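Numbering (our numbering), first residue to last: 578 to 805.
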């Protein structure tokens, strides 16, 4: 595998079953292939043969780096789920898994899953790198009650609410969530024609212009173990 590999959806699904690592992790949506036992057997034989031809398997086992990447996806120390609709295009599904200094990024594409083993990159940097690049939007960081986004508050005289309304005025061209585990904290990205913003919080929202470095900082805080 060296540093990257792309598996077809049947290849990913067959290898995952072979390794007996449990259900395919969220947010991937990969069906089981082969409607009958004979079809399934033929599919697995074809998958193993093709992977061996490509140097990704030997004697029906994935090569060591590929196996390590799949097992890390199944059992990470920390992870970041990326799920969203960038550019109003197809659904973006990705998972960043890390343990120690090992980081793997898996991105589901139309017809496969791309796996990348990364060195000297933090999980937060890897997750932000999955997003299409956008400049930060204009404005400043504001903290407002979540209810400020509701219709009845859109004429509020509060300075922060008005600033938020100005930042998010116009159509949303892309949005999604980066969710850190095990904390469960999420960072939402919001793309507008003027640039990208990040939002964190539930009852109270902090929204700010977001360049890649800002998103990495927020995600890194979400991944940090709680203070004791």
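We treat Cβ as the ideally placed atom computed from N, Cα and C, and that holds for glycine.
These figures come from a predicted structure and were not determined experimentally.
By the DSSP assignment, the beta strand (DSSP E) with residue i in it spans what residues?
i	result
residue 757	751 to 758
residue 776	772 to 777
DSSP three-state call for residue i: helix, strand or coil?
i	result
residue 735	coil
residue 610	coil
residue 786	strand
residue 597	coil
residue 717	coil
residue 741	helix
residue 746	coil
residue 723	helix
residue 582	strand
residue 768	strand
residue 794	helix
residue 729	The predicted model places residue 729 with a pLDDT of 48, which falls under 50 and marks its position as unreliable; any figure quoted below should be read in that light. If DSSP states are grouped into helix, strand and coil, residue 729 belongs with the helices.
How would you write the range of the alpha helix (DSSP H) that residue i sits in, first residue to last?
i	result
residue 762	No alpha helix (DSSP H) holds residue 762; DSSP gives it neither H nor E.
residue 651	641 to 651
In the DSSP assignment, what residue or residues form a beta bridge with residue i?
i	result
residue 671	659 and 684
residue 635	638
Does residue i come within less than 9 angstroms of chain B when only Cβ atoms are used?
i	result
residue 625	Absence of chain B from the displayed structure is noted, only one protein chain being present.
**Prompt:** Are three or more beta carbon pairs between the stretch 787 to 798 and the stretch 708 to 720 nearer than 8 angstroms?
**Reply:** These segments touch.
**Request:** Specify whether the stretch 763 to 778 and the stretch 670 to 686 touch according to this definition: at least 3 beta carbon pairs, one from each stretch, less than 8 angstroms apart.
**Result:** The stretch 763 to 778, when compared against the stretch 670 to 686, does not touch it at the 8 angstroms Cβ threshold.
**Request:** Just list the beta strand (DSSP E) runs in the stretch 676 to 714, keeping only unbroken ones of 3 residues or longer that don't cross its boundaries, in chain order.
**Result:** Within the stretch 676 to 714, the complete beta strand (DSSP E) runs of at least 3 residues are 679 to 685 and 689 to 695.
**Message:** Could you check whether the stretch 619 to 636 touches the stretch 648 to 655, counting it as contact only if at least three pairs of C-beta atoms, one from each stretch, sit closer than 8 angstroms?
**Reply:** The stretch 619 to 636, when compared against the stretch 648 to 655, does not touch it at the 8 angstroms Cβ threshold.
**Prompt:** Do the stretch 618 to 634 and the stretch 583 to 591 make contact, defined as three or more Cβ pairs closer than 8 angstroms?
**Reply:** As far as the Cβ criterion goes, the stretch 618 to 634 touches the stretch 583 to 591, which means the pair count is three or higher.
**Message:** I want to know whether the stretch 682 to 699 touches the stretch 735 to 748 - three or more CB-CB distances under 8 angstroms.
**Reply:** No, the stretch 682 to 699 is not in contact with the stretch 735 to 748.
**Prompt:** Is the stretch 776 to 786 in contact with the stretch 711 to 724, if contact means three or more CB pairs nearer than 8 angstroms?
**Reply:** Three or more pairs of CB atoms, one per stretch, sit closer than 8 angstroms, so the stretch 776 to 786 contacts the stretch 711 to 724.
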